[in-house]
């Protein structure tokens with residue numbers, strides 16, 4: 001009976017924990033997506049800086 005009561009006590013606690021684990025999993029996945037997004041933004045920024053740096057050079061060449 002003791003173990004049965006323990007299971008009954010733990011079950012409501014375990015269910016939100018599983019939900020929390022799922023939520024953390026989602027957040028981690030989103031964070032990975034965020035890292036990819038930041039990576040893209042940085043790449044765009046680098047390209048932009050390259051353009052800005054190259055343009056005056058091109059202007060000087062002409």
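Residue numbers (the UniProt record's numbering): 1 to 62. For every residue, glycine included, the Cβ atom is placed at its ideal position computed from N, Cα and C. On a predicted model such as this, the values are computed, not experimentally measured, just so you know.
Quiz item: Would residue 1 be called buried (16 or more neighbouring beta carbons within 10 Å of its own) or exposed?
Solution: Because residue 1 carries a pLDDT of 49, less than 50, the predicted location of this residue cannot be relied on, and the following value inherits that uncertainty. Exposed is the call here.
Exercise. Express the C-alpha separation of residue 19 and residue 13 in angstroms, rounding to a whole number.
Key: Just so you know, the alpha carbons of residue 13 and residue 19 end up roughly 10 Å apart.
Practice problem: Alpha carbon to alpha carbon, how far is residue 11 from residue 33? Give it in angstroms, no decimals. | Solution: Their Cα atoms are separated by approximately 33 Å.
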